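Residues 225 to 783, numbered by the numbering used here, are exactly what the sequence shown covers, in order.
Glycine included, each C-beta is placed from N, C-alpha and C at the ideal position.
Every value quoted in this text rests on a predicted model; they were computed, and no experiment measured them.
For reference, the structure is listed below as structure tokens.
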Amino acid sequence: MATGKINVSVDNIFPLIKKFLYSDHEIFLRELISNATDATLKMKHLTTIGEAKVDYGNPLIEVKIDKEGKKLHIIDQGLGMTEEEVKKYINEVAFSGAEEFLNKYEDSAKDSGIIGHFGLGFYSAFMVANKVEIITKSYKDEPAVHWSCDGSPEFVMEEAQKDTRGTEIILHIADDSTEFLEDGKIKSLLSKYNKFMPIPIKFGMKTETLPKPEGAKKEDPAPTVEVDNIINNPNPAWTKQPADLKSEDYKSFYRELYPMQFEEPLFHIHLNVDYPFNLTGILYFPKLSNDLNQQKDRIQLYQNQVFVTDNVEGIVPEFLTMLRGVIDSPDIPLNVSRSYLQADGAVKKISSYITRKVADKLNSLFKNNREEFEAKWNDIKIVIEYGMLSEDKFFEKADKFALYPTVDDSYFTFEELQEKIKATQTDKDGKTVILYASDKEAQHSYIETAKAKGYEVLLLDSPIIGHLIQKLESSKENISFARVDADHIDKLIQKEETQISKLSDEEKETLKTELEKVIGEKSSYTVQLEAMDSDASPFTITEPEFMRRMKEMQQTGGG
Ligand code: ADP
Ligand code: MG
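Take a look at the structure:
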């Protein structure tokens, strides 16, 4: 037996670990299962390259609760550790890793926090345990080792009885952490953090019903067997090659990710790049409502199949946080604060890669199946419009496929629209004026009037359209937008004079005076009779475009 003191350069990090972010104590399980996974994958590698002459078998990781003993066990069949390795990796490496993490963490704690609080490693066990034991046997032919530590920098190390290869970590759960002895709690943590980890994770047993044997009577119960309850899917869709997946596979993976979502995604984008950074993932366009706030935090970030966070702010551009799905990248630094992250070169590259892939996918949908793209437009436009507003690179690409629907359900790209209307809808300054309505019902009579004159009227009704219009006006030459009920419409040069008023001049004057009395002299509205030619509306009251916009800007909190 040997005792020793962990080399402590700060007085004692254990109290620090215990205090460390109370709400995030639960990450200890993710850290320990990550270590078990690493150890198993290392074993696999060593056997594959022939360095270890042992049978890799079908290893799994087991999580076991001993409620009476107040212990939690995490058992793996990985490469194990020799005595030397425990000294090195646990007493030195793990300790210094934890220390470094805590120092870093303290610096950035006041910032928006370290993503997923990654990096604390093995010693995170002390957030929930007052004593931790390791029983480990290396694949190398050496005696098993028993290491234990009660939360002070002192540890005890001795030879152990263990015949099978691998490592068992035993946590003596502290009195303030007994929730981690509850089945339900552990189950929910496993499904949050470990749902897609690459090694099967066993938690208890489950009963499986077998098919009835041939010739069994109707009333005979189906036979059952007890099998390992494996809580994860070690081969999630995003780790596979797109060529090996069918559209149904993507849909069923979506259901796996979001069991509570009953609506099918509109389409998916498979991300797969290994240079100059590593990134895999699948993004889904869900059906979106117009409620922007409701759509956040849906993309899950993983690192080597370990769940990190579902807040991808700073990693993908904001407009894409409305999508759902998974991104997995070992190249996103996690033990840094979010503000640091936004400045990180690798993260910037990742963010622009994702933006480009999304734009490319949309473009190919548009090109290959325009009809379907048009049918989906209403459900995806909010993301695209938001993206066009906020990311110039995306604007450039989306400008080719963004659609502008008319009140009669025709869809134009900007270029097509411009081509279609430039002859008829140009004002005296030579600007092509794009007319639009935001509400078909309320603006019905204006729409009819404009249509009667041969104008195209767009139906633009998303909540950010005012901002997008400004952006389009400032980035394109010689165009302007006018709402169909604005005064602008009368300044257009028409091909043919089609106005026929049924009123005499005298009648018109009287009507106009009467109407102006009603709306008030100082009002910015104007009454027009001459312009009307539709039977439905004998006159119109219009508001100058600039007035309307001013009001709109005030409502949406500025430009
Ligand atoms: P990290 O995983 O980032 O290296 P940890 O503190 O989690 O840091 O672990 C430190 C080291 O302890 C690991 O690198 C590994 O060598 C060793 N270790 C931890 N858990 C296991 C395990 N279950 N099996 C084998 N080695 C392990
Ligand atoms: Mg680790």
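Consider the C-beta atom of residue 258 and the heavy atoms of ligand 2; say whether any pair is separated by less than 6 Å.
-> yes
Buried versus exposed call for residue 734 [16 or more other C-beta atoms within 10 Å across all chains shown] | exposed
Among residues of its own chain, excluding the 5 on either side of residue 619, which ones have a beta-carbon nearer than 6 Å to its beta-carbon?
-> 612
Buried or exposed (CB count within 10 angstroms, at least 16 for buried), residue 241 | buried
Would you call residue 474 buried or exposed, if buried means 16 or more other Cβ atoms sit within 10 Å of its Cβ?
-> buried
Which residue from 577, 653 and 743 puts its Cα closest to that of residue 701?
-> 653
Please name the residue or residues paired with residue 393 in a DSSP beta bridge.
-> 298 and 358
For residue 305, collect the residues of the same chain with a Cβ closer than 7 Å to its Cβ; drop the 5 residues on either side in sequence, then sort them by chain order.
-> 313, 360, 362, 369 and 391
Could you name the residues of the same chain whose beta carbon sits closer than 6 Å to that of residue 374, not counting the 5 residues immediately before and after it, in chain order?
-> 355
Stretch-stretch touch, CB-based, cutoff 8 Å, three pairs: the segment 384-403 with the segment 278-295 | yes
Please report the residue range of the beta strand (DSSP E) in which residue 228 lies.
-> 226-229
Between the CA atoms of residue 318 and residue 229 - distance to the nearest angstrom | 14 Å
What did DSSP end up calling residue 755 once you bin it into helix, strand or coil?
-> Residue confidence is low: residue 755 scores 49 on pLDDT, short of 50, so the model does not pin down where it sits. No coordinate-derived value is stated.
Distance, residue 699 Cα to residue 651 Cα = 19 Å
Following the continuous alpha helix (DSSP H) through residue 267, name the residue where it begins and the one where it ends.
-> 251-272
From which residue to which residue does the beta strand (DSSP E) around residue 428 run?
-> 425-433
Beta bridge counterpart(s) of residue 288 as assigned by DSSP | 297
Based on Cα-Cα distance, which residue from 572, 507 and 556 lies nearest to residue 546?
-> 507
Can residue 391 be considered in contact with ligand 1, in the sense that its beta carbon sits closer than 6 Å to one or more heavy atoms?
-> yes
Does ligand 3 have even one heavy atom less than 6 Å from the beta-carbon of residue 317?
-> With respect to ligand 3, the structure offers nothing, as its ligand set consists of ligand 1 and ligand 2.
Residue 611: beta carbon under 6 Å from a heavy atom of ligand 2?
-> no
The alpha helix (DSSP H) with residue 601 in it runs from where to where?
-> 594-614
Please report the Cβ distance between residue 504 and residue 533, rounded to the nearest whole angstrom; I am assuming they are in contact, meaning their Cβ atoms lie under 8 Å.
-> Wrong, their Cβ atoms sit about 17 Å apart, outside the cutoff.
To the nearest angstrom, how far is it from the Cα of residue 278 to the Cα of residue 364?
-> 9 Å
Is residue 622 near residue 608, with beta carbons less than 7 Å apart?
-> yes
Which residues in the same chain have their Cβ closer than 6 Å to the Cβ of residue 307, if we skip the five residues on either side of it in sequence?
-> 369
Residue 549: beta carbon under 6 Å from a heavy atom of ligand 2?
-> no
In this structure, what does DSSP give as the bridge partners for residue 372?
-> 357 and 380
Have a look at residue 636 and residue 627 and give me their C-alpha separation to the nearest angstrom.
-> 5 Å
Counting Cβ pairs closer than 8 Å, one from the segment 481-498 and one from the segment 580-600, do we hit at least three?
-> yes
Return the residue from the list 569, 500, 634 and 678 that minimises the CA-CA distance to residue 601.
-> 634
In three-state DSSP terms, what is residue 659?
-> strand
With residue 283 and residue 454 assumed to form a contact (beta carbons below 8 Å), what rounded beta-carbon distance in angstroms separates them?
-> About 12 Å; that fails the 8 Å criterion.
With a Cβ-Cβ cutoff of 7 Å, do residue 427 and residue 348 count as a contact?
-> no
Does DSSP put residue 710 in a helix, in a strand, or in coil?
-> strand
Assuming residue 705 and residue 610 make a contact with CB atoms under 8 Å, what is their CB distance in whole Å?
-> Going by Cβ atoms, the distance from residue 705 to residue 610 rounds to 18 Å, so no, they are not a contact pair.
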